[in-house]
Structures are given as structure tokens and as C-alpha cells.
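Visitor: In the numbering used here, the protein residues as written are 14 to 200. Note that CB positions come from ideal geometry on N, CA and C, so glycine has one too. Below are the C-alpha cells for one structure; questions will follow.
Shown next, in the form of C-alpha cells:
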């Protein structure tokens, strides 16, 4: 090894060719991954006289999925005869609907999507409240930027909540007048 560093850029076919390397010399080859891809490990090769040595790198994109957990805003679990299941959430990319998910058994998980350059490209919003709950109008901005992740498959954990619809009851107490027999509000 001479300690020299050479930088080459692949052609449109994704290959490079380097000639004039000294036989018997071991070289370390490193690929600089594009943003949004996993940095592959460096490879070492020893050049053999009269032969072409081939190496390859796999470009693995970073991707994410959202694991969404639905809770009651006050108690964490459904109140009374209300249910957290059945709520529907729409996933948006740059403001356009991508897919609708329905809460089942307290949550849902999206499929994988490619990581983005910045956060907030993907958002999640409740579009149908579950039975017994008010619609949550919060727009959840998902952390989908590739800068957050160093592995290929990543999970964004999101906890969403709803407020239960509450009723009220009014109680009036009445008394019967023992003289007139009329009902009167009790004071």
C-alpha cells in the first residue's frame, strides 16, 4: 500500500475501471453511498498479475414504517362503551393522500416507504373518529428523514389519542306536598 487515495465516480452504468495497479498490492475500496442509502463496508482486494479483479457494492436504501398506537387521552384505554378500534387515519405525502389505515386491536402499522430528505414530508391525520370519541384534528409530522437512521429498515413510533365524548345528567328532586298532594321541586 502506498497510502495514496484516488477518488473515482461511476459511469451511467454504475461501474468504474482502474488500470495500472501494481500486482500483489492490496487496496481498500470504499464506496460513498448516496444520501438515503446505507454506507456499505469497505472491501480489500489484492491485485493479481494479468487478471481483472471485480468487486461490487450493494446500494441498500433506508426506509421507514410507522407503528401507530391509539390511546384514550384521559385514561389510556377506552371508556364506557366507546372503542378506540375503528378510527381511520390517512397518511399524506406532501399533502396528498397515500393510504387510509384503520385502527384494530389498539393500533396499526404502515408498510415501508423510502426515507425522505427532510421530516414532515409524510404526515398522518385522523379522518374518522372511533365510536364514542371526538375527531382528533392533530396533524402528526413523521420523522422520515434519512439523516435520523443508519439502518435499512426503520420504525417511526407514533402514539395518537382521542377525547371521549362525554354526556351529562341533570337530577331534579321532587317532593309531594302531603296537604295538597301536588309534586313540588324540593328546596
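Contact defined as beta carbons within less than 8 Å: I believe residue 145 pairs with residue 182. What is the distance between those atoms, to the nearest angstrom?
Guide: Here residue 145 refers to the residue found at position 132 when the chain shown is read from its first residue. Here residue 182 refers to the residue found at position 169 when the chain shown is read from its first residue. Not quite, the Cβ-Cβ distance comes to about 17 Å (not below 8 Å), so this is no contact.
Visitor: Evaluate the contact criterion for the stretch 107-122 versus the stretch 74-83: three or more CB pairs, one atom per stretch, below 8 Å.
Guide: The stretch 74-83 and the stretch 107-122 touch, with three or more beta-carbon pairs separated by less than 8 Å.
Visitor: Would you call the stretch 144-161 and the stretch 54-68 touching, i.e. three or more CB-CB distances under 8 Å?
Guide: no
Visitor: If you drop the 5 nearest sequence neighbours on each side, which residues of the same chain put their C-beta closer than 8 Å to that of residue 164?
Guide: Here residue 164 is taken as the residue at index 151 of the chain shown, counted from 1. Same-chain partners within the cutoff: 51, 75.
Visitor: On a Cα-Cα basis, can you pick out the residue from 25, 37, 20 that is closest to residue 31?
Guide: As a working mapping, residue 31 is identified with position 18 in the chain shown. Measuring from the Cα of residue 31, the nearest candidate turns out to be 20.
Visitor: Hey, how far is the Cα of residue 174 from the Cα of residue 57?
Guide: If you number the chain shown from 1, residue 174 lands on position 161. If you number the chain shown from 1, residue 57 lands on position 44. The straight-line gap from Cα to Cα measures roughly 52 Å.
Visitor: Just to confirm, is the Cβ distance from residue 195 to residue 186 under 8 Å?
Guide: Stepping through the chain shown from its first residue, residue 195 is reached at position 182. Stepping through the chain shown from its first residue, residue 186 is reached at position 173. Cβ distance not < 8 Å, so residue 195 and residue 186 don't count as in contact.
Visitor: With 16 as the cutoff for other CB atoms within 10 Å, does residue 136 come out buried or exposed?
Guide: Translated into the one-based positions of the chain shown, residue 136 becomes position 123. The residue is buried, with at least 16 neighbouring Cβ atoms inside 10 Å.
Visitor: Assuming residue 85 is part of the beta strand (DSSP E), what are its boundary residues?
Guide: On the chain shown, residue 85 is found 72 positions in, with the first residue counted as 1. Residue 85 -> beta strand (DSSP E) spans 76-85.
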